[in-house]
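Trainee: Counting from 523, one number per residue, gives the positions in the sequence shown under this note's numbering.
Following this message is one structure expressed as structure tokens.
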Amino acid sequence: MIDPTLFAQPQTLDRVQHRRMRLKAGAVRYDRTAGMNALFVTAVEFGDVCREYPIVFVEAGTGPDGMREVAPMAVLGLEPGENLMLGADGSWAALYTPAILRGYPLAVVPVDAENHAVCVDLKADALSETEGERLFDDAGEATPFLVERRQFVEEIERETQRTRLFGRRLVELGLLRTMRFDANLPDGRTLTVDGFLALDDDKLSALPDAQVIELHRNGVLALLHAHRISLGHMRALVGRRIARRKSA
Numbered sequence: 523m524i525d526p527t528l529f530a531q532p533q534t535l536d537r538v539q540h541r542r543m544r545l546k547a548g549a550v551r552y553d554r555t556a557g558m559n560a561l562f563v564t565a566v567e568f569g570d571v572c573r574e575y576p577i578v579f580v581e582a583g584t585g586p587d588g589m590r591e592v593a594p595m596a597v598l599g600l601e602p603g604e605n606l607m608l609g610a611d612g613s614w615a616a617l618y619t620p621a622i623l624r625g626y627p628l629a630v631v632p633v634d635a636e637n638h639a640v641c642v643d644l645k646a647d648a649l650s651e652t653e654g655e656r657l658f659d660d661a662g663e664a665t666p667f668l669v670e671r672r673q674f675v676e677e678i679e680r681e682t683q684r685t686r687l688f689g690r691r692l693v694e695l696g697l698l699r700t701m702r703f704d705a706n707l708p709d710g711r712t713l714t715v716d717g718f719l720a721l722d723d724d725k726l727s728a729l730p731d732a733q734v735i736e737l738h739r740n741g742v743l744a745l746l747h748a749h750r751i752s753l754g755h756m757r758a759l760v761g762r763r764i765a766r767r768k769s770a
């Protein structure tokens, strides 16, 4: 999956064009999230994400069949362009880093129903002819390093597709509703965060027993429980925001 807010200039890796290129070694590029107040996460990450980030859902357009889709996001800030998890020194405030960011600057895009191509974000300045690990050998075959990195981003893509199905099921059952979060700031102002979706507890409680059992058995209830718990971190983000304003 190519996140356009993260990948500014994606380019498909080519065994001819990039035969001599290397991927520079380095830590996770947290700086690429500057100006981002949310980051896509897959459903399989909810158990880790809910311990440190609020998880909300946002509208994600429609699928090829015209069905409405939603996407889960880890909230990083309370206003557009605000990332409270990114420190001025480039450090990250949370222990867990979402997978899409760990995979960066690589990602995959579908070529057809069964195959994917690996892309690199040229804006990451991650390619070099002299530094880092080679991507292709002299014969133009992927090196073990690239194979390992490709497997990781392909797994993210598989989990992304599973997450789409999870979101579709929530939409089908009408389990999401528009929410807002209000916080009183020390200066007396009220900070309002809106435009996101969260679990509608009344709709969940009204489901027939058979559907509740189905959601329990396929793991959806556990994911919704993690989502519900995670919303408590909205208050923690307010605290981070106040502390950052004071230090500034």
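Beta carbons: idealized from backbone N, C-alpha and C, even for Gly.
1) Could you tell me which residues DSSP puts in a beta bridge with Glu704?
2) For the region 567-579 against the region 749-756, do three or more pairs of beta-carbon atoms, one drawn from each stretch, fall closer than 8 Å, so that the two count as touching?
3) Can you tell which of Ala547, Val640, Ala661 and Thr682 has its C-alpha closest to the C-alpha of Arg672?
4) Output the residue ranges of the beta strand (DSSP E) runs that lie fully inside the region 541-615 and measure 3 residues or longer, sorted by chain position.
5) Excluding the five sequence neighbours on either side, which residues of its own chain have a C-beta within less than 8 Å of the C-beta of Thr555, listed in chain order?
6) Taking only runs that begin and end inside the region 642-696, name each unbroken alpha helix (DSSP H) of 4 or more residues, in chain order.
7) Classify Leu719 as helix, strand or coil using the three-state DSSP reduction.
8) Mind the definition here: the region 704-717 touches the region 583-590 only if three or more C-beta pairs lie below 8 Å; say whether that holds.
9) For Gln531 and Asp731, what's the separation of their Cα atoms in angstroms?
10) Taking the alpha helix (DSSP H) that Pro630 falls in, what are its first and last residues?
11) Any idea what DSSP makes of Cys698, helix, strand or coil?
12) What do you get for Asp660, buried or exposed, if any count of 16 or more other CB atoms within 10 angstroms of its CB means buried?
13) Could you tell me the alpha carbon to alpha carbon distance between Pro602 and Gly662, rounded to whole angstroms?
14) Quick check: what's the CA-CA separation for Lys546 versus Ile735?
15) Starting from Gln733, follow the beta strand (DSSP E) in both directions and report where the run begins and ends.
Mentor: If we stick to the structure as given:
1) Note on identity: in this sequence residue 704 is Asp, with Glu being the wrong assignment. Its beta-bridge partners are Thr714.
2) yes
3) Val640
4) 560-562, 577-584 and 590-597
5) Leu528, Leu561, Leu598, Asn605, Met607, Leu608 and Leu623
6) 666-694
7) strand
8) no
9) 48 Å
10) As written in the sequence, residue 630 is Val, which differs from the Pro given in the question. It is not in any alpha helix (DSSP H) - Val630 instead sits in the beta strand (DSSP E) that spans Leu628 to Pro632.
11) Sequence check: residue 698 is Leu here, not Cys. Of the three classes helix, strand and coil, the one that applies to Leu698 here is strand, per DSSP.
12) exposed
13) 43 Å
14) 48 Å
15) It is not in any beta strand (DSSP E) - Gln733 instead sits in the alpha helix (DSSP H) that spans Asp731 to Arg739.
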